[in-house]
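Working notes for the structure below.
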Amino acid sequence: MATSLLATDGYKFSMAEAGWPLRRETFYYSHRKGGLQVMPLDLAAYVRDLLPTPTPEDYDFLAKYDYEMGVGFKAAILRKEKLSVRAIPRGACFFPREPILTVTGPSALVSWVEPLLLQLNFRIQVATQALTDREGLARALARVTCDEQKAIALETLDAVGVKQVPITVDTEGYLQRVRATVKELIDAVEDPARIFEVGLRAATCQQQHELALQACKDVGVTRTSNVEGARKLGMIPVGTMGHEHIQRFGSDDAAFRAMRERRPQRSSYLLDTFDTLTSGIPAAFQLIREEPGAGDSIRFDSGNKKLQYLYAVTRARDIGIKPVNILEDGLDAEATREFEDLRRQVGWEPGSQFYGYGGHIVARTMECPFTRDKVAAIYKLSQTGPQPVMKFGNELAEGKQSIPGTPVLFRRRHGSGPIGLVGQEGEPVPDGYFPLMEAEPETPSLVGALEVNSEPAKIAQTQATRALVEELTRKHFPKGR
């Protein structure tokens, strides 16, 4: 069955219109944590099966909600033959922070696939657990949210040759937990219109996310980042900007201006791609000062959000502007109540502060523990045109720096040294290693299988990758961090 063009997040469409939809770009997929894991499927085929088939009705719906798409996007989304996928083979083992997949092609197309591709983490966790702890697997899969999640689990067990375990679908239980969770959030903010849902990337499958959206709608939340879910359930699609947009332009100011000057709708400025306090907030506030009545917002996304919030509110008052505040990333009811207390203390109106929730609504309400957060699955832009790019984030200690360039993965064959080396496309293969992304299907990534854990995982970067990181760090932080 063809994938709908709308089966992605709303901000993918706004970023394409404010960027370069036909530009050749590379994204990579990785897990930041989770220990040694196994790849249960053919990644290249999996990615291609996710690609959308657009219809005129899709574009009509987008236009209705201020996502009218131009000729560049419409051309890019059809250029599937331009897509290049490089990945570790089926059956390979990998460690946290290793880039196990790169997708290269027209910007709009390779960006579009992110929310659905991130759901891959569920299959990987099922496969890994199945090969290491069958009893734990049975407990983890005892109750799932929907028929599609069950089917994916059974398909994965078959792929790795593990006998099926009993799985019960408890859709009503999941709906009840989501409703209760969202109701608690509404109680904290006192108005469902101040909440929107952003959990497509946190779901295990599309059916699960549609159930979560139905539960949100049942208790009064009407806005979601999932455009297809919005169409099916009569909700409102939302979203403006992600980190990739700022990376493309190389600076917060240029990226923010592109969004405001290429789209007539209100803009939401994401603050933390380089540094929230020294770069994101100053660039956003300069634009808001130039057009204070536009109703633009600023979005806090990582780091010490309370400190950032207090600084932003104080600075905004000093220069006489009133941005809308949007808070996301890891929020729960307790954190929401704390930010509502802060809002009242600083005298910010309720209608100028909104909250977005993803995993808290969609994933933490599952009984199954195989969530995206458990492995910290990511899909990051690493090259735009000829320019390598990376996300820095607010605090290096968070470990959220991304890999620049067109990364490849080398696995140690013999000798000493790191088990994995993160290199660059075209770089000579280091002595004692082989290119894992060019290995034959079913080639193990280690000498042995998942039980090979006697040696601590040591993942390093080659000289070429380190040089790119150092070059980009000097470029964006010439005075140091």
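Numbering follows full-length UniProt numbering, with no gaps: position 83 of the sequence shown is 83.
Beta carbons: idealized from backbone N, C-alpha and C, even for Gly.
Worksheet item: In terms of residue numbering, what span does the alpha helix (DSSP H) encompassing Asn121 cover?
Response: Residues Leu120 to Thr132.
Worksheet item: Considering Tyr309, what are the terminal residues of the alpha helix (DSSP H) in which it resides?
Response: Element bounds for Tyr309: Lys305 to Ile319.
Item to complete: Could you round the C-beta distance between Cys93 and Leu43 to whole angstroms and report it? I think they count as a contact, below 8 Å.
Response: Not really, about 14 Å apart at Cβ, beyond 8 Å.
Practice prompt. Please report the Cβ distance between Pro192 and Val227, rounded to the nearest whole angstrom; I am assuming they are in contact, meaning their Cβ atoms lie under 8 Å.
Written response: Contact between Pro192 and Val227 does not hold, since their C-beta atoms are separated by about 20 Å, which reaches or exceeds 8 Å.
Fill in: Distance, Leu277 Cα to Pro323 Cα
Spanning the two alpha carbons is a distance of roughly 15 Å.
Discussion item. Can you find the residues in the same chain that come closer than 6 Å, C-beta to C-beta, to Thr128, ignoring five residues on each side of it along the sequence?
Written reply: Closer than 6 Å at the Cβ level, and outside the excluded window around Thr128, lie Gln37 and Val38.
Worksheet item: Is it right to say Glu148 is buried, meaning 16 or more other beta carbons lie within 10 angstroms of its own, or is it exposed?
Response: The residue is buried, with at least 16 neighbouring Cβ atoms inside 10 Å.
Worksheet item: To which residues does DSSP link Arg266 through a beta bridge?
Response: DSSP, once it has assigned bridges, lists no residue as partnering Arg266.
Fill in: Inter-residue Cα distance where the pair is Glu470 and Phe274
Roughly 14 Å separates the two Cα atoms.
Item to complete: Taking the CB atoms as reference points, tell me whether Ile298 and Ala283 lie closer together than 8 Å.
Response: With a cutoff of 8 Å on beta-carbon distance, Ile298 and Ala283 are scored as not near each other.
Worksheet entry | For Ser297, the residue or residues it bridges with in DSSP | Ser297 is bridged to Ser268 and Val324.
Worksheet item: Buried or exposed: Gln164, going by 16 or more other Cβ atoms within 10 Å of its Cβ?
Response: Exposed, by the Cβ-count rule.
Item to complete: Assign Arg466 to one of two classes, buried (16 or more other C-beta atoms within 10 Å of its C-beta) or exposed (fewer than that).
Response: Arg466 is exposed by the Cβ-count criterion.
Discussion item. Let me make sure I understand the geometry here. Which of Asp296, Val408, Asp187 and Val144 has the alpha-carbon closest to that of Val169?
Written reply: Nearest C-alpha to Val169: Val144.
Worksheet item: Under three-state DSSP, which class holds Tyr357?
Response: Strand, per DSSP.
Fill in: Inter-stretch contact (C-beta, 8 Å, three-pair minimum) for the segment 27-34 and the segment 259-272
At 8 Å Cβ cutoff, the stretches do not touch.
Worksheet entry | Beta-carbon contacts of residue 482 that lie in its chain and below 7 Å, excluding the five residues immediately before and after | For the chain, the structure presents residues 1 to 481; residue 482 sits outside this window and is missing.
Discussion item. Tell me the DSSP secondary structure of residue 483 in three-state form.
Written reply: Because the chain is modelled from 1 through 481, residue 483 falls outside the range shown and cannot be assessed.
Worksheet item: Given that a residue counts as buried once 16 or more other Cβ atoms are within 10 Å of its Cβ, and exposed if not, what is Glu197?
Response: The residue is buried, with at least 16 neighbouring Cβ atoms inside 10 Å.
Worksheet item: Exposed or buried, what is Glu290 when buried is set at 16 or more other beta-carbons lying within 10 Å of its beta-carbon?
Response: So Glu290 counts as exposed.
Discussion item. Nearest by alpha-carbon distance to Trp348: which of Glu427, Lys74 and Ile326 is it?
Written reply: Comparing C-alpha distances from Trp348 to each of Glu427, Lys74 and Ile326 shows the shortest one belongs to Ile326.
Worksheet item: Smallest Cα separation from Thr240: which of Phe256, Leu233, Arg248 and Phe249?
Response: Closest by alpha carbon: Phe256.
Practice prompt. For my contact list, Ile419 and Phe73 are in at a C-beta cut-off of 8 Å; report their separation, rounded to the angstrom.
Written response: Actually they do not touch by this definition, with Cβ atoms about 41 Å apart.
Worksheet item: Thinking just about the alpha-carbon of each residue, which of Lys183, Val221 and Ser225 is nearest to the one in residue 502?
Response: What the structure shows of the chain is the stretch from 1 to 481, and residue 502 is not part of that stretch, so it cannot be assessed.
Worksheet item: Helix, strand or coil: how does DSSP classify Phe434 here?
Response: Phe434: strand per DSSP, three-state reduction.
Worksheet entry | Straight-line Cα distance separating Glu425 from Gly405 | Distance between the alpha carbons of Gly405 and Glu425 is about 8 Å.
Practice prompt. Decide yes or no for the touch test of the segment 69-86 against the segment 102-111: beta carbon pairs closer than 8 Å, at least 3 of them.
Written response: They touch, by the three-pair rule.
Item to complete: Tell me whether the beta-carbon of Gly234 lies closer than 8 Å to the beta-carbon of Glu210.
Response: Between Gly234 and Glu210, the gap from beta carbon to beta carbon reaches 8 Å or more.
Fill in: Inter-residue spacing [alpha-carbon to alpha-carbon] between Pro407 and Ile152
Rounded to the nearest whole angstrom, the C-alpha separation of Pro407 and Ile152 is 29 Å.
Worksheet entry | Residue environment, Gly91, which counts as buried when at least 16 other CB atoms sit within 10 Å | Residue environment: Gly91 is assigned as buried (16 or more neighbouring CB atoms within 10 Å of its CB, all protein chains considered).
Item to complete: Would you mind sorting Lys475 into buried or exposed? The rule is 16 or more other CB atoms within 10 Å of its CB.
Response: Exposed: under 16 other Cβ atoms inside 10 Å.
Worksheet item: Whose C-beta lies closer than 8 Å to the C-beta of Glu328 among residues of the same chain, with five residues either side of it excluded?
Response: Closer than 8 Å at Cβ, skipping near neighbours: Val198, Arg299, Phe300, Asp301, Tyr355, Gly356, Tyr357 and Gly358.
Worksheet item: Quick one: what's got a C-beta closer than 7 Å to Gly415's C-beta in the same chain, skipping five residues either side?
Response: For Gly415, same chain residues with a beta-carbon under 7 Å away, outside a window of 5 residues either side, are Gly432 in chain order.
Discussion item. Using the Cβ count rule (16 or more neighbours within 10 Å means buried), how would you classify Ser14?
Written reply: The residue is buried, with at least 16 neighbouring Cβ atoms inside 10 Å.
Worksheet item: Should Lys217 be labelled buried (16 or more other beta-carbon atoms within 10 Å of its own) or exposed?
Response: Under this definition Lys217 is a buried residue.
Worksheet item: For Gln387, which three-state DSSP category applies?
Response: In the structure shown, Gln387 adopts extended strand secondary structure according to DSSP, grouped into three states.
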